[in-house]
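Residue numbers (the numbering used here), protein chains in the order written: chain A, 6 to 496; chain B, 7 to 341; chain C, 36 to 356. Yeah, the Cβ is synthetic: ideal placement off N, Cα and C, and Gly gets one too. Since this is a predicted model, take the numbers as computed values, not measurements.
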Amino acid sequence: MRRSLLHLPIKRSAWAIRTSNVARIAATRSFASEASPNPEIYDIVVVGGGPVGLTLAASLGAARATSHLKVALIEGMNLASIRDWKPTPDYFANRIVSLIPSTVKLLKETGVWKHIKQERVQSYDGMQVWDGMTDARVEFDWNKLLGGRQEGVDTTIAHMVENIHLSHGLLQRLEELAVKPTMIDKTKVEKIEYGQLTEEVDMRDWPIVTLSNGQKLGAKLLIGADGGSSPVRTFAGIESRGWDYNRHSMVATFKIEDDSAFPKFAYQRFLPSGPVAILPLPGNFANLAWSTTPEKVAHLKSLAPEDFVAMVNAAFRLSYTDIDYLHNLKSGVVEETKWRESVTKYPDPPTIPMRITEVLEGTRASFPLKMKHADRYIGERIALVGDAAHTIHPMAGQGLNAGVGDVYSLVKSIADGISHGQDIGSSFTLEPYQSERYLPNNALLGFVDKLHTLYGFESGPLVPLRSLGVEIINQDWFGLKKFLMSQAAKS
Amino acid sequence: MATPTSTSLAHTCTRCLRSRTPQLSRQLYLPAISNNRTFSVLHRPPPNYPGHVPLKLPERLFLAAGSAIISLIDPRRGDLIALLGETTAQPYFIYRLRDRMLKHPTGRRILRDRPRITSQSLSLPYLRSLPANTIGATYVSWLDREGVSPDTRSEVRYIDDAECAYVMQRYRECHDFYHAITGLPIVREGEIALKVFEYANTGLPMTGLSAFSTLTVKKDERDRLLSVYFPWAIRNGWKAESLLNVYWEEVLEKDVQEMRDQLGIEVPPDLRKTRAEIRKKRREDKGGKVNTVAATTTNEVVEEAMVETEAEREEREQREIERQAMEILERADRM
Amino acid sequence: MLGRTLRVGAHLSPSYRSTALRKLSRSSPIANAFFQQPVSRDARHNSTSAYQGIGGSPGRPTGGGGVDPVEVSHFDALASSWWDAQGPSRLLHLMNPMRIDFAKHCLSMGIPVEATTDAGEGGGEGSSRGLTVLDVGCGGGIFSESVARLPNTAKVIGLDPSEQVLGVARAHAKKDPTLSEKLQYINSSIDDYTPDHQFDLITLFEVVEHVPYPAAFLQTCMRHVRPGGWIVLSTIARTWSSWMTTKLIAEDLLHIVPRGTHDWYKYINEPEMRSFFEKQHGWGSQGMLSMGCLYVPGFGWKAIKGSEDYGNYFFGVRRDL
């Protein structure tokens, strides 16, 4: 193995970073599909085929300066199931993402957005966010703020898209590219190590990725889009700091009562155990994202569908005391909530979400929540994007948006490096990416983390203070609300 | 409602919240209690439940301050103490108390059933037939001794939330059960101790404010309260299960001591006994000098009549007033 | 000529300064009147008034610019850390994109007829041939490598008198297999270098302040430029501020670069440089420009108009067609 490394499969074409000869690349691609013990050399190897990894591949292929690069993307799951995704109008997946306008703009520039089926995208231009303890409320509603709907002004706060839908669109976009990246799916990264010095080339600072199928890939630049427990980050020896929130996020897709009379809003109520959100989907569908303790999530999953529906309705209507109590009930939630809702005063839609009527079967799922931030996003011939660089609490719906922001910043840095003749793996090429993204991401992570802490209090001096703050924001004094909303749209 | 609230009678209570003595003249201290509708000419929102009187903040503050001052001066104004209780319970305390009930299965059931304690809901003859150590028997013996009925509690009017108004009502109606469970007598000293106990247990501000009436009792009583009963009240009130979460109607046959153990309440030093002993001691001191026969007699009443200290005279007068009040009340009930 | 340079100046970014504007604003330079001879280190240090401008006529009859052995040994010492991203050469690395930009800008004003234009990274359809570049004093190859990677570059020769430094350059170039076709390092001084053809672009980045006879050195370089080609250089002006930054702060206080890396007396001011090239026959009438730049901690190198009179500046001059 070691000996064979000394003899690289030298094909000049494999090294050509700039080649207008597609046929030559195709030739090396077929070479890649053989299980070769020697590393095949790529300009960029992307580990991770989630939405961020796919966006990275798509934007590298779409940008003029980087479209000639030889790129490989490695994904452990089967991408065929995403490629062959066949949506039906009466079902929406439970994993959805909220894409802010700046993200959509970038996706449009990359030519991805045209592959997104607009009838399955729900945008909203209003948000209702309130405190579960004090009911202090912020109403983000562009149309109200601007004094009515205005022609030609995009007041969208975010677009809700199913994860699989976005990934499907990204894969379709990749298919179109003149120089397609090498997609290696159903394959795991076995190990990453540094290369060897040979007669022709010194790969001692090149990461060499060994895959579970025996294939070896040498990367001029190795990009980790491989999630929170990123193997690439581990290889680079980059520390990632943060903590486990001891919270899980419960997701599900629902049918709701007819809401056609109201504008589509996103709703989020901050309960001390974590925020619960209802996000709009097309038609009478909606999606739940409820962050709470693992025990409570387990309880929610164990409930009968009608009890679960009653529980979620209660989460937007009843007091935290009641919700907490309801978590003790193994059954009879419908009955109990009926009584409590009869004696509890709560506003009507659209101030609160429409009543949920039904949970789609098999859409109840959960995942643990963490806050993690890598010490740096780059190393020599290494870059981290998305969750590999930062894992954020989902309450603000900014995780993927931040990841897409990383991708575009990184592609811009690489393109800039190429136009200045830099080695794309050199830290001088990658530094602008790090300096552009680290502080904004850090601020975002910190802000969301502080929100989580602030709203974790059931009582005490911070409870009235946070409500006061929320009231101030809601009054739009000093234009604070407009500022926050425009920042949220840009971020 | 079955309860004859009869604001016109404005039953007042010397120490506890019970309205006993009609004090028509005193009603004029605060002009608008009997007819709240005219109190403010400003727009008033519609009531949230029958009998509800929505208050504006200045009104609430005024009523709270006025009732606090006057009830401190004159502790017999049970109506004002009740008013103080209602006006200070909002916005925070009564909700917290309600939430404590909601968190407890029994408390939750009580809120769901909203039982009222009246002479209709409780069969007093049946309670009298229970063994003396039961809660029911203890409770009814309090009623009988003080000559009151469960129906004499005034209705809650100033709590805005219907459910919280019920919590206040429940607290008020169960007050006599607290006497029964703690064994504190309805004398002023016992009442104050019980209020402090309730404060530690419920967190309602009025009960805490009542502790200020300690300033108005005699020095030896005050010393006793501060050294013995307040520590007991705070300790027990704090650690005991919330008394509002006891479905009293369901535990009437239960042994009092058993219930205390269940709730985690220690019996305070017997106030009646302590007072009697002190009186006896005083008598002995005096009797040694004045009347040696007194030492041998066992009839306290006779002795009191013979050797009446100032304090004892005051107490006797108090009892007389109470007795008269009872008569009037009974007459009123008959009407 | 005036019209030409003015027109050039008009489309330049504001931080570039054209010959014509330069002439209007400043009287003839003083440098030529002064030292024609190299001064020994000791002599210079003993005489506070001594400074060295650009030599108008070479002090050396051979016509070469010479190589200072002390300088060479200095760069030998720097060799091992040349490519260290956090090492003493970090500022040079950070400056490199600006070198590329300035060179690209110069070339965009005109190149030898038979060479192709740099039509950006994507195109180059029907190009006759790529550009040839001679990087004099290439050191560890920071610029040589990057210019070799540009799609329109056909050949890059990196020239340096220090074998040790070139060893570093060669070793580093091996990390990128795409370079081997285009990039070649030669251990030689410009005086001894005899190429078989002229170059489209000769670059002298941070070099002239290290040679004993700058005028002779420049004239040697000029011989290797193809008509229509460019000399692009960068150096440091001899001012109080450059003494503060390159000597006092960078060397003595912060030790960003080893002590003795710079010899302030060898620095050449932009007007001196300009006046030198104005005197050279067949140079500069189709393009002569300079651009001052400044390192702003936290923000990197920034092109700042007028800063050529205070510190680092780029200078580009085209050989007339």
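With DSSP as the reference, please indicate the residues paired to A/F259 in a beta bridge.
Residue 259 of chain A sits at position 254 when you count from the first residue of the first sequence. DSSP, once it has assigned bridges, lists A/A291 and A/V364 as partnering A/F259.
Just how far apart, CA to CA, sit B/Y172 and A/G53?
Taking the first residue of the second sequence as position 1, residue 172 of chain B is located at position 166. Taking the first residue of the first sequence as position 1, residue 53 of chain A is located at position 48. Cα to Cα, the separation comes out at about 59 Å.
If you measure between the beta carbons of C/M279 and C/W318, is that distance less than 8 Å?
Against the third sequence, residue 279 of chain C aligns to sequence position 244. Against the third sequence, residue 318 of chain C aligns to sequence position 283. The answer is no: Cβ separation not under 8 Å.
What is the DSSP secondary structure of C/T281, reduced to helix, strand or coil?
For the purposes of this step, residue 281 of chain C is identified with residue 246 of the third sequence, where counting begins at 1. Looking at C/T281 - three-state DSSP - the assignment turns out to be helix.
For A/W344, which residues in chain B fall below 8 Å Cβ to Cβ?
Numbered from its first residue, the first sequence carries residue 344 of chain A at position 339. The answer, in chain order, is R118.
For A/L450, which residues in the same chain have their Cβ closer than 7 Å to its Cβ, ignoring the five residues on either side in sequence?
Residue mapping note: residue 450 of chain A aligns to position 445 of the first sequence, counting from 1. Answer for A/L450: M376, H378, H395 and I397, listed in chain order.
What are the boundary residues of the alpha helix (DSSP H) that includes A/Y443?
On the first sequence, position 438 is the one that residue 443 of chain A refers to. Taken as a continuous stretch (DSSP letters only), the alpha helix (DSSP H) holding A/Y443 covers S432 to L459.
Any idea which residues DSSP pairs B/H181 with across the strands?
Here residue 181 of chain B refers to the residue found at position 175 when the second sequence is read from its first residue. DSSP output for B/H181 lists no bridge partner at all.
Run the CB neighbour count on A/K392, radius 10 Å, all protein chains shown included, and call it buried at 16 or more, exposed below.
For the purposes of this step, residue 392 of chain A is taken as residue 387 along the first sequence, with counting starting at 1. Reading off the sequence, residue 392 of chain A comes out as Asp, not Lys. Classification for A/D392: buried.
Any beta-carbon of chain A closer than 8 Å to the one on B/A169?
For the purposes of this step, residue 169 of chain B is taken as the residue at position 163 of the second sequence. Residue identity check: residue 169 of chain B is Glu in the sequence provided, not Ala. Chain A, which has a Cβ nearer than 8 Å to the Cβ of B/E169, makes this yes.
Are the C-beta of B/L108 and some C-beta of chain A separated by less than 8 Å?
Position 102 of the second sequence, counted from the start, is the residue given in the question as residue 108 of chain B. Yes, its Cβ sits closer than 8 Å to a Cβ of chain A.
So which residues of chain A does B/R115 contact, with C-beta pairs closer than 7 Å?
As a working note, residue 115 of chain B is residue 109 in the second sequence. Per Cβ cutoff of 7 Å: no residues; B/R115 is ~11 Å from chain A at best.
From C/S197, C/K217 and C/L253, pick the residue whose C-alpha is nearest to that of C/E106; which is it?
As a position in the third sequence, residue 106 of chain C is number 71, starting the count at 1. The shortest C-alpha separation from C/E106 is found at C/S197.
According to the neighbour-count rule (16 or more other Cβ atoms, all chains shown, within 10 Å of its Cβ), is A/A407 buried or exposed?
In the first sequence, residue 407 of chain A corresponds to position 402, counting from 1. Label assigned to A/A407: buried.
Determine, for A/V348, whether the minimum Cβ-Cβ distance to residues of chain D falls below 8 Å.
Absent here is chain D; the protein component of the structure consists of chains A, B and C.
Within 8 Å of any Cβ in chain B, is that where the Cβ of A/D353 sits?
For the purposes of this step, residue 353 of chain A is taken as residue 348 along the first sequence, with counting starting at 1. No - not a single Cβ of chain B is within 8 Å of the one on A/D353.
At the 8 Å Cβ level, is C/R30 part of the contact set with chain A, yes or no?
Chain C is shown from 36 up to 356; residue 30 of chain C falls before or after that span and cannot be answered.
Against chain A, with Cβ distances strictly below 8 Å, would C/D77 count as a contact?
Residue 77 of chain C sits at position 42 when you count from the first residue of the third sequence. Because C/D77 sits at a pLDDT of 40, beneath the cut-off of 50, its placement in the model cannot be relied upon, and the point is left open.
Can you tell me whether B/I75 is buried or exposed? The criterion is at least 16 other CB atoms within 10 Å of its CB, across all chains shown.
For the purposes of this step, residue 75 of chain B is identified with residue 69 of the second sequence, where counting begins at 1. Exposed, since its Cβ has fewer than 16 Cβ neighbours within 10 Å.
Any beta-carbon of chain A closer than 8 Å to the one on B/N41?
For the purposes of this step, residue 41 of chain B is taken as the residue at position 35 of the second sequence. For B/N41, the predicted structure reports a pLDDT of 45, less than 50, and the residue's modelled location is therefore unreliable. A value from the coordinates is still provided. No - not a single Cβ of chain A is within 8 Å of the one on B/N41.
Run the CB neighbour count on C/E244, radius 10 Å, all protein chains shown included, and call it buried at 16 or more, exposed below.
Looking up residue 244 of chain C in the third sequence gives position 209. Buried is the call here.
Classify C/G333: buried if its beta carbon has 16 or more other beta carbons within 10 angstroms, exposed otherwise.
Taking the first residue of the third sequence as position 1, residue 333 of chain C is located at position 298. When all chains shown are included, C/G333 counts as exposed.
Measuring CB to CB, does A/A230 end up less than 8 Å from A/V57?
Translated into positions along the first sequence, residue 230 of chain A becomes position 225. Translated into positions along the first sequence, residue 57 of chain A becomes position 52. Taking 8 Å as the Cβ cut-off, A/A230 and A/V57 qualify as a contacting pair.
Please say whether A/H425 and C/S181 have beta carbons closer to each other than 8 Å?
Within the third sequence, numbered from 1, the residue matching residue 181 of chain C stands at position 146. Within the first sequence, numbered from 1, the residue matching residue 425 of chain A stands at position 420. Their beta carbons are under 8 Å apart, which means C/S181 touches A/H425 by this criterion.
Quick check on B/D105 - is its C-beta less than 8 Å from some C-beta in chain A?
As a position in the second sequence, residue 105 of chain B is number 99, starting the count at 1. Yes - at least one Cβ of chain A is within 8 Å of the one on B/D105.
From A/A67, A/R360 and A/R88, pick the residue whose C-alpha is nearest to that of A/G116; which is it?
On the first sequence, residue 116 of chain A is found 111 positions in, with the first residue counted as 1. Of the listed residues, the one whose Cα sits closest to A/G116 is A/A67.
In three-state terms, what does DSSP make of C/W336?
Residue numbering aside, residue 336 of chain C sits at position 301 when the third sequence is read from its first letter. Here C/W336 sits in strand by DSSP.
Verify the CB distance criterion: does A/S324 have a CB-CB separation below 8 Å to chain B?
Counting from 1 along the first sequence, the entry for residue 324 of chain A is found at position 319. Answer yes: the Cβ-Cβ gap between A/S324 and chain B drops below 8 Å somewhere.
A/V314 and A/E363 - do their beta-carbons sit closer together than 8 Å?
On the first sequence, position 358 is the one that residue 363 of chain A refers to. On the first sequence, position 309 is the one that residue 314 of chain A refers to. Yes, Cβ-Cβ distance for A/E363 and A/V314 is below 8 Å.
Can you tell me the Cα-Cα spacing of C/A338 and A/P236, whole angstroms?
The count along the third sequence starts at 1 and reaches residue 338 of chain C at position 303. The count along the first sequence starts at 1 and reaches residue 236 of chain A at position 231. Rounded to the nearest angstrom, the two C-alpha atoms are 40 Å apart.
Just to confirm, is the Cβ distance from C/W117 to C/S108 under 8 Å?
The residue labelled residue 117 of chain C in the question sits at position 82 within the third sequence. The residue labelled residue 108 of chain C in the question sits at position 73 within the third sequence. Cβ distance not < 8 Å, so C/W117 and C/S108 don't count as in contact.
Would C/P73 be called buried (16 or more neighbouring beta carbons within 10 Å of its own) or exposed?
As a position in the third sequence, residue 73 of chain C is number 38, starting the count at 1. In this prediction, C/P73 has a pLDDT of 40, which is less than 50 and means its spatial position is unreliable; nothing more can be read from the coordinates.
I'd like to know whether the C-beta of B/P37 is nearer than 8 Å to at least one C-beta of chain A.
Translated into positions along the second sequence, residue 37 of chain B becomes position 31. Low per-residue confidence applies at B/P37: pLDDT is 42, beneath 50, and the placement is therefore not dependable, though the value from the model is reported in the following sentence. Closer than 8 Å: no.
Mind checking if A/Y443 is an interface residue toward chain B, Cβ cutoff 8 Å exclusive?
Indexing the first sequence from 1 puts residue 443 of chain A at position 438. So, not an interface residue.
Can you name, in chain order, every residue of its own chain whose Cβ lies under 6 Å from the Cβ of A/L276, other than the five neighbours on each side?
By 1-based counting over the first sequence, the position of residue 276 of chain A is 271. Around A/L276: G137 and Y325.
By the 9 Å beta-carbon criterion, what residues does the segment 325–336 of chain A contribute toward chain B?
Listed by position, the residues of the segment 325–336 of chain A near chain B (Cβ gap below 9 Å) are Y325, T326, D327, D329, Y330 and N333.
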